[in-house]
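Student: Please see the structure below; I have some questions.
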Amino acid sequence: MQVLFATSEVAPLIKTGGLADVSAALTAALHGMGVDIRILLPGYPQVLKALPHLYVATKISMQPGFPAARLLTGSLPNGVPLLVIECAELYERGGGAYQDENGLDWPDNALRFGLLSKIAALLSCADTPLNWKPDIVHCNDWQTGLTPAYLHFSDGAAPCVMTVHNLAFQGIFPSHMVAELGLPAESYQPDGVEFYDNLSFMKAGLYYADHITTVSPSYAKEIQTDALGFGLQGLLTYRREDLTGILNGIDTTEWNPATDPDLVETYDIKNMRGKSANKRELQKRMGLHIDPDLPLFGLVGRFTHQKGVDLVLEIAPQLIALPAQLILLGNGEVEMQRAALALSHHYSGQISAYVGFDEPLSHLIEAGADIFLMPSRFEPCGLNQMYSQRYGTPPLVYATGGLIDTVLDYNADSLEQGLASGFVLHSMDTTSLLATARRAAMVYHDKKTWRALQRNCMVKDFGWDQSATAYHDIYTRLMR
Ligand code: ADP
Ligand code: GLC
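Residue 1 is where the sequence shown starts when you use the numbering used here, and the numbers rise one by one after that.
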């Protein structure tokens with residue numbers, strides 16, 4: 001089985017969020033199952049720098065409108081083959097994958113990800129310049145959303161799967177881009193790529209893909225509702241027979257407290273002493289009072305409304321009065337960054353915030369915190385709450401999407417059944433958040449119960465096997 005996996009980010013080369021982790025770990029799992037899978041990725045400077053030994057596979061001459069590009073081949077550190085699009089004009093610049101240094105979207109994102117989509121389609125149809133043609137093309141999020149549309153209007157197209165990692169980001173651009181990106185005029189209609197008088201990359205993917213998946217069973221249902229469909233609920237409901245929710249797994253090698261090189265001391269379920277050493281190190285490094293007994297709440301993630309960071313910032317003074325400590329790591333909305341730093345300054349020793357993207361620190365927080373905060377308003381899957389469970393750090397989550405599919409609320413019964421693995425919040429407001437945090441802190445002080453809860457978390461299997469098999473089954477079905 002030959003699969004082309006088109007994505008705009010993949011760890012460890014370029015990462016803004018969970019898509020990068022999933023792109024790396026899912027393809028590795030499929031590769032391990034014997035699938036000839038190749039990742040197609042833009043050649044950002046971070047990628048070219050990390051992989052100096054890429055070979056030129058072919059030059060790509062495209063229709064007018066797109067700059068010239070070359071396709072380079074190489075592989076990820078884990079051995080999964082890569083196809084990197086070299087196009088200096090669109091990809092080689094400072095800043096990030098989607099935004100400039102000031103956090104503003106690149107003005108030519110339609111062209112940047114139009115090219116990614118277009119090349120994915122080109123490699124998957126009769127005109128491919130390579131002597132390798134996939135049986136399946138797997139697209140991810142809006143950045144590759146035009147691929148299914150291009151394929152619909154091509155000869156000899158491979159079937160395609162479109163995975164929604166986050167419906168909140170849709171890639172919406174002015175309608176004149178339809179022609180500039182070489183899409184046929186007939187695609188620009190409600191039964192096509194048009195979305196409220198604009199071109200929508202996400203809608204194009206959802207409309208033309210042969211099959212749609214999203215990253216948890218609960219989110220697959222939620223995106224069919226007005227509340228979380230972001231305007232696409234009608235189309236998703238219409239396509240519900242072709243829509244499957246497959247829970248993300250995690251890379252259990254990369255995220256393993258027994259071997260993690262970012263920890264000061266490794267640990268496992270049988271010997272948890274190392275976890276306390278990481279808490280001490282985290283408190284020291286982040287300038288908190290060294291105190292083994294205070295519950296330490298940790299948050300890692302994008303500072304956005306989605307993640308509920310605003311509510312955490314709002315209750316922070318009451319949270320530390322429980323008493324407790326709080327650590328925040330993330331970047332995103334400027335207001336939230338500012339508020340987090342102000343709290344850290346005002347309550348120094350009790351609250352500490354680091355604004356930025358820091359992978360090693362994120363590992364240390366998963367290990368050193370006692371309770372992991374993730375009260376997202378919506379969460380397609382979420383990876384951090386799975387990482388934290390694996391590190392014996394019960395998460396506090398809101399009852400939504402992948403969070404309900406991966407965390408079971410603590411109570412005496414669920415604990416006894418070996419199922420409880422965290423704390424679930426049922427209403428997104430400051431009162432409920434604080435009450436749930438207080439409940440978590442109380443359980444934390446009951447050492448025996450806390451150990452049992454940590455044990456439940458740590459024995460859970462979040463590996464990719466089952467989910468990779470589910471993708472494989474979909475590929476197989478589409479190939480028939
Ligand atoms: P999302 O993709 O919506 O951001 P996920 O929970 O699926 O949420 O994945 C987020 C990933 O990005 C996790 O691996 C998390 O540790 C990482 N991450 C997010 N923000 C930061 C940060 N500031 N520093 C380090 N890692 C981060
Ligand atoms: C998105 C979602 C997140 C999910 C990740 C990987 O960024 O916000 O919930 O875990 O994609 O699928």
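Ideal placement from N, C-alpha and C gives every residue a C-beta, glycine not left out.
Establish whether the CB of residue 218 and some CB of chain B are separated by less than 8 Å.
Tutor: The structure shown contains no chain B; it holds only a single protein chain.
Student: Determine, using beta-carbon pairs with one atom in the region 110-128 and one in the region 83-96, whether at least three such pairs fall under 8 Å.
Tutor: The region 110-128 vs the region 83-96: in contact.
Student: I need the DSSP call for residue 430, collapsed to helix, strand or coil.
Tutor: helix
Student: When burial is assigned at 16 or more other CB atoms within 10 Å of the CB, is residue 186 buried or exposed?
Tutor: That one is exposed.
Student: Is the CB-CB distance between residue 464 and residue 26 below 8 Å?
Tutor: Result yes, Cβ atoms of residue 464 and residue 26 sit closer than 8 Å.
Student: Are there three or more Cβ pairs, one per stretch, closer than 8 Å when the region 270-280 is compared with the region 353-369?
Tutor: yes
Student: How is the alpha helix (DSSP H) around residue 474 delimited, first residue to last?
Tutor: 465-479
Student: CB-CB under 8 Å to residue 289, same chain, minus the five flanking residues each way: which ones, in chain order?
Tutor: 283, 325, 349 and 350
Student: Considering only residues of the region 73-104, which uninterrupted alpha helix (DSSP H) runs meet the minimum length of 4 residues and lie entirely inside it, listed in chain order?
Tutor: 88-91
Student: Tell me the rounded alpha-carbon separation between residue 124 and residue 448.
Tutor: When rounded, the distance between both Cα atoms is 56 Å.
Student: So what does DSSP say about residue 393, is it helix, strand or coil?
Tutor: coil
Student: Between the Cα of residue 298 and those of 336, 253 and 375, spot the shortest distance and give me the residue it belongs to.
Tutor: Of the candidates 336, 253 and 375, 375 places its Cα closest to the Cα of residue 298.
Student: Determine the extent of the beta strand (DSSP E) in which residue 137 is found, giving its start and end residues.
Tutor: 136-140
Student: Which residue comes first and which comes last in the beta strand (DSSP E) that contains residue 63?
Tutor: Element bounds for residue 63: n/a, residue is neither H nor E.
Student: Shorter than 7 Å, the distance from the beta carbon of residue 56 to the closest heavy atom of ligand 2, or not?
Tutor: no
Student: Using DSSP with H/G/I as helix, E/B as strand and the rest coil, what is residue 351?
Tutor: If DSSP states are grouped into helix, strand and coil, residue 351 belongs with the strands.
Student: Beta-carbon distances below 6 Å to any heavy atom of ligand 2 define the shell here; list its residues in chain order, please.
Tutor: 17, 18, 19, 22, 165, 166, 215, 248, 379, 380, 381, 382, 383 and 402
Student: What's the C-alpha gap between residue 387 and residue 207?
Tutor: 33 Å
Student: Apply the 10 Å Cβ neighbour rule to residue 338 and answer buried if 16 or more other Cβ atoms are within range, or exposed otherwise.
Tutor: exposed
Student: Strictly by DSSP, which residues pair up with residue 69?
Tutor: Answer is 60, bridged to residue 69.
Student: Is residue 358 near ligand 1, going by C-beta to nearest heavy atom under 7 Å?
Tutor: yes
Student: Could you round the C-beta distance between residue 396 and residue 372 to whole angstroms and report it? I think they count as a contact, below 8 Å.
Tutor: About 7 Å; that satisfies the 8 Å criterion.
Student: Just to confirm, is the Cβ distance from residue 145 to residue 248 under 8 Å?
Tutor: For residue 145 and residue 248, no; Cβs fall outside 8 Å.
Student: Does the beta carbon of residue 330 fall short of 7 Å from some heavy atom of ligand 1?
Tutor: Yes.
Student: Among residues of its own chain, excluding the 5 on either side of residue 194, which ones have a beta-carbon nearer than 7 Å to its beta-carbon?
Tutor: Its chain contains 188 as the residues whose beta carbon lies nearer than 7 Å to that of residue 194, once the 5 sequence neighbours on both sides are disregarded; these appear in chain order.
Student: With burial defined as no fewer than 16 other Cβ atoms inside 10 Å of the residue's Cβ, what is the status of residue 279: buried or exposed?
Tutor: buried
Student: List the whole-angstrom C-beta distance separating residue 266 from residue 258, where the pair is believed to meet the contact cut-off of C-beta under 8 Å.
Tutor: With 8 Å as the limit, residue 266 and residue 258 qualify as a contact, their Cβ atoms being about 5 Å apart.
Student: Consider the C-beta atom of residue 124 and the heavy atoms of ligand 1; say whether any pair is separated by less than 7 Å.
Tutor: no
Student: Compare the beta carbon distance of residue 143 and residue 171 with 8 Å and say whether it is the shorter of the two.
Tutor: Going by beta carbons, residue 143 and residue 171 fall inside the 8 Å limit.
Student: With DSSP as the reference, please indicate the residues paired to residue 198 in a beta bridge.
Tutor: 174 and 195
Student: Under three-state DSSP, which class holds residue 369?
Tutor: coil
Student: Per DSSP, residue 119 forms a beta bridge with which residues?
Tutor: According to DSSP, residue 119 bridges with nothing at all.
Student: Count the other C-beta atoms from every protein chain shown that fall within 10 angstroms of the C-beta of residue 473, then say buried if there are 16 or more, exposed otherwise.
Tutor: exposed
Student: Based on Cα-Cα distance, which residue from 330, 190, 219 and 316 lies nearest to residue 435?
Tutor: 316
Student: Got a sec, what are the start and stop residues for the beta strand (DSSP E) residue 36 sits in?
Tutor: Segment 36-42, the beta strand (DSSP E) holding residue 36.
Student: At which residues does the alpha helix (DSSP H) containing residue 424 begin and terminate?
Tutor: Here residue 424 belongs to no alpha helix (DSSP H); instead the beta strand (DSSP E) covers 423-425.
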